[in-house]
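The number in this note's numbering is simply the position in the sequence shown, starting from 1, with 2 added.
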Amino acid sequence: MSTHVVIVGAGLAGLRTAERLRRGGYDGVLTLIGTEAHPPYDRPPLSKALLGAEQTPDLPALRNSDRLAELDLDLRTGVTATGLDPRAHRVRLDDGSELAYDQLVLATGLTARAFPQWQGIEGVHVLRSFDDCLALRASAANARHATVIGAGVLGSEIAATLRGRGAEVDLVDALPQPLHRVAGDEVGAFIADLHRSHGVSLHLGRTVAELATDEGRVREVRLDDGTRVRTDLVVVAVGASPVTDWLESSGVHLDAGVVVDDRGATSAPDVWAVGDVAAVPNPRGDGTIRIEHWTAAGDLAATVATNVLAALGTGEPRAHAEIPYMWTDQYDVKLQCLGLPCASDERVLLTGSPESGAFLLAFVDDGHVKAVVGAGMPAALMRCRAAVTKSWPVTELREAAPWERRKATA
Ligand SMILES: Cc1cc2nc3c(=O)[nH]c(=O)nc-3n(C[C@H](O)[C@H](O)[C@H](O)COP(=O)(O)OP(=O)(O)OC[C@H]3O[C@@H](n4cnc5c(N)ncnc54)[C@H](O)[C@@H]3O)c2cc1C
């Protein structure tokens, strides 16, 4: 009898799980359910090339229709899962039907946080989906001035792209530097200088008290220090929440995401989670953490596909071991990060300098390398992978100086 694997969430992690299952030899029924009307597409371009493009962009599909067909999926777009009964192994859908599964993978990602009091105000946007991107582009086309609220990775990127489109931009954040929560003072100051050098006005350590509107359209942002910024467009980039509301009565353990073990297994039998929605064991300490990065979504999907196949009787299960990696493109700078930096880590400059625009900075805990953040040195950063993966003493990484040795022999 044929088996049935159901994947809820037709984004990057859901698609990668399906690809890995097929590549691993799974030939049963494979259902991929997605709320959005679109086939699986890529999100990183939404805040970069697509937002900045002159012409209305096409969907950045992860596979074209021929390559999608090769996966032989029962792809259901425009369909939302509304409930789960793990005992009965059934998922409820918003069309009133139910799907029985042998193995279920949860890949529902995140939803952008918004301020409910600003709902319905014209010119106020979030950016998570392709449709959000089209709506934001339409507003940006007529905007002389944009205000971005939130100077994390996404907000900072949006500010840079809107500036690149020619808008005047103000960037507001409650923290003392952009990207502060992830990468601390030095990287934050580097990104802040980058914005200033491109003419973006920063309001750091500030929050937005209120928005003033004119005929339902945003016209002014008022900050907590009394500053008033005339604006035509507001982008709220203050983080995102895991999409788990539909699982609340399922009994699956939720804690700021779907809690999984090191195999990607949830607390319910035959139910797994991948991608941004998964709260994985924190490699830096107790509890769990959501790693909201593109590469991590594919890495965990590969592990979970292996473990789903093992549960169905093919191959051996395995634990997830990859270190996180992320990048962000701002203006002409690519900032990258290997590992999980903590703002409380000691920072050791390995090479270059933020002033020159090219550097590698180690994040060190108790003398050991936990992460390396770099700008303008993509190949050199990757040569630090072993040091981060094995948490070398920082003295050893400095002695090995893999970035210099390879350069000399190149
Ligand atoms: C604008 C933007 C730029 C980014 N840039 C970078 C970058 O430069 N570098 C980087 O490392 N990472 C970046 N990321 C993060 C990266 O894109 C995510 O980590 C990745 O998309 C996670 O994939 P996912 O499949 O877990 O979630 P998603 O891609 O969000 O997919 C989840 C899907 O599930 C669907 N869904 C939700 N609930 C249900 C339901 N109940 N039923 C059915 N379907 C449901 C959603 O509609 C969505 O389509 C960016 C993200 C965004 C939004």
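Cβ atoms here follow ideal geometry from the backbone N, Cα and C, with glycine treated the same way.
Report buried or exposed for Ser346, applying the criterion of at least 16 other Cβ atoms within 10 angstroms of its Cβ. Exposed: under 16 other Cβ atoms inside 10 Å.
Alpha helix (DSSP H) runs wholly inside the segment 20-105, at least 4 long, in chain order: Within the segment 20-105, the complete alpha helix (DSSP H) runs of at least 4 residues are 51-54, 67-71.
Rounded to whole angstroms, what is the Cα-Cα separation between Ala116 and Leu95? Rounded to whole angstroms, Ala116 and Leu95 show a C-alpha spacing of 26 angstroms.
Other residues of its chain near Thr84: CB distance less than 6 angstroms, five sequence neighbours each side excluded: The answer, listed in chain order, is Arg94, Asp96, Trp248.
DSSP three-state assignment for Phe117, whether helix, strand or coil: Phe117 falls in the coil class under three-state DSSP.
Between Asp331 and the rest of its own chain, which residues show a CB-CB distance below 6 angstroms, the 5 nearest in sequence each way excluded? Cβ within range, chain order: Lys50.
Return the chain-ordered list of same chain residues with a C-beta closer than 6 angstroms to the C-beta of Ala185, the five sequence neighbours on each side being excluded. These residues qualify, in order along the chain: Pro343, Val375.
Residue from Glu348, Cys339, Ala148 whose Cα sits closest to the Cα of Ala381: Comparing Cα-Cα distances from Ala381 to each of Glu348, Cys339, Ala148, the minimum goes to Cys339.
Specify the secondary structure class of Trp274 as computed by DSSP and reduced to three states. Trp274 falls in the strand class under three-state DSSP.
Taking the alpha carbon of Ile123 as the reference point, which residue from Leu235, Val366, Ser131 has its own alpha carbon closest? Comparing Cα-Cα distances from Ile123 to each of Leu235, Val366, Ser131, the minimum goes to Leu235.
Given Ala377 as reference, the closest of Ala303, Asn144, Ala191 once Cα atoms are compared: Here the closest residue by C-alpha is Ala191.
Of the choices Val223, Gly168, Ser131, Gly154, whose alpha-carbon is the least far from that of Ala145? Looking at the Cα atoms, Gly168 is the closest of the given residues.
Where are the alpha helix (DSSP H) runs, 4 residues long or more, that stay fully inside the segment 314-378, in chain order? If we require 4 residues or more, the segment 314-378 turns out to have no alpha helix (DSSP H) run fully inside it.
Compute the Euclidean distance between the alpha carbons of Thr411 and Val273, then round it to the nearest angstrom. Model confidence at Thr411 stands at a pLDDT of 47, short of 50, so the residue's coordinates are unreliable and nothing is read from them.
Measuring from the CB of Val262, is there a heavy atom of ligand 1 at a distance below 7 angstroms? It does not: the Cβ of Val262 is nowhere closer than 7 angstroms to a heavy atom of ligand 1.
Contact the segment 170-185 vs the segment 148-159: 3+ CB pairs below 8 angstroms: Yes: at least three Cβ pairs fall under 8 angstroms.
When burial is assigned at 16 or more other CB atoms within 10 Å of the CB, is Thr163 buried or exposed? Buried, by the Cβ-count rule.
With respect to the beta strand (DSSP E) encompassing Arg232, which residues constitute its N-terminal and C-terminal limits? Under the DSSP assignment, Arg232 falls in the beta strand (DSSP E) whose first and last residues are 230-232.
Could you compute how far the alpha carbon of Trp405 sits from the alpha carbon of Arg292? The alpha-carbon atoms of Trp405 and Arg292 are separated by roughly 30 angstroms.
Could you check where the beta strand (DSSP E) with Glu212 kicks off and where it finishes? It spans 210-216 - the beta strand (DSSP E) in which Glu212 sits, taken as one unbroken run.
Just to confirm, does Met384 get its C-beta within under 7 angstroms of one of the non-hydrogen atoms of ligand 1? Not so, every heavy atom of ligand 1 lies at least 7 angstroms from the Cβ.
Buried or exposed: which applies to Gln119, given that a residue is buried once 16 or more other Cβ atoms fall within 10 Å of its Cβ? Gln119 is exposed by the Cβ-count criterion.
Less than 8 angstroms between the CB atoms is what I'm expecting for Val279 and Gly259, so what's the real figure, rounded? About 6 angstroms; that satisfies the 8 angstroms criterion.
Kindly indicate which residue of Ala109, Leu53, Val31 has the alpha-carbon position closest to the one of Asp76. Of the candidates Ala109, Leu53, Val31, the one whose C-alpha sits nearest the C-alpha of Asp76 is Val31.
Measuring CA to CA, which of Arg25, Val282, Leu256, Ile9 is closest to Gly36? The residue among Arg25, Val282, Leu256, Ile9 with its C-alpha nearest the C-alpha of Gly36 is Ile9.
Please state the DSSP three-state secondary structure of Thr163. Here DSSP, grouped into helix, strand and coil, assigns Thr163 to helix.
Using C-beta distances below 6 angstroms, list every residue in its chain close to Val202, excluding the 5 sequence neighbours before and after it, in chain order. The residues are Ala161, Arg165, Val171, Leu173.
Beta carbon of Trp248: closer than 7 angstroms to some heavy atom of ligand 1? Distances between the C-beta of Trp248 and the heavy atoms of ligand 1 include at least one below 7 angstroms.
Does the beta-carbon distance from Asp187 to Arg208 come in below 8 angstroms? For Asp187 and Arg208, no; Cβs fall outside 8 angstroms.
Tell me the rounded alpha-carbon separation between Ser1 and Arg130. As shown, the chain starts at 3 and ends at 412. That puts residue 1 outside it, with no answer to give.
I'd like the list of long-range same chain contacts for Ala270, defined as Cβ closer than 6 angstroms, with 5 residues on each side in sequence excluded. Excluding residues within five positions, the ones whose Cβ falls inside 6 angstroms are Pro88, Val254.
Is Glu124 helix, strand or coil when you go by DSSP? Note: Glu124 maps to strand in three-state DSSP.
Give me the Cα-Cα distance between His205 and Val350, rounded to the nearest whole angstrom. Just so you know, the alpha carbons of His205 and Val350 end up roughly 28 angstroms apart.
Continuous beta strand (DSSP E) stretch holding Pro244: start and end: Looking at the DSSP string, the run of the beta strand (DSSP E) that includes Pro244 is 242-244.
Inter-residue spacing [alpha-carbon to alpha-carbon] between Leu64 and Pro46: If you take the alpha carbons of Leu64 and Pro46, they lie about 11 angstroms apart.
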